[in-house]
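Residues in the sequence shown are numbered consecutively from 2, following the working numbering. A virtual CB, placed ideally from N, CA and C, is assigned to each residue, including glycine. In what follows, a single structure is set out as structure tokens and then discussed.
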Amino acid sequence: MNTELKNMLVQLLEGQTRIEGEVKKNSIKLEALEKNINVIAEVQTSHKGNQQRSLISWMYL
């Protein structure tokens with residue numbers, strides 16, 4: 002019985018270690034996605050500003 006319990010605990014700990022590794026990898030991927038989204042938002046804001054300035058310039062021609 003002790004050997005079975007020990008084996009079960011070892012398997013649980015190994016599984017926990019694998020899960021922790023996956024969580025870490027996913028966290029890194031999420032951080033990269035967040036950075037990409039922020040860059041896209043900045044570019045969109047910049048383009049919107051440029052379009053508005055172009056429109057205003059065109060209206061006063």
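Open item on the list: Give me, in chain order, the residues of the same chain whose beta-carbon lies closer than 7 Å to that of Gln53; leave out the 5 immediate sequence neighbours on both sides.
Closed with: Locating residue 53 in the sequence shown gives position 52, where the first residue counts as 1. Taking Gln53 as the centre and dropping the five residues before and after it, the same chain places no C-beta closer than 7 Å to its C-beta.
TODO: Can you grab the Cα-Cα spacing for the pair Glu43 / Gly16, in whole Å?
DONE: In the sequence shown, the residue the question calls residue 43 occupies position 42. In the sequence shown, the residue the question calls residue 16 occupies position 15. About 41 Å.
Open item on the list: Please report the distance separating the alpha-carbon of Glu32 from that of Leu10.
Closed with: As a first step, residue 32 must be located in the sequence shown, where it is residue number 31. As a first step, residue 10 must be located in the sequence shown, where it is residue number 9. Spanning the two alpha carbons is a distance of roughly 33 Å.
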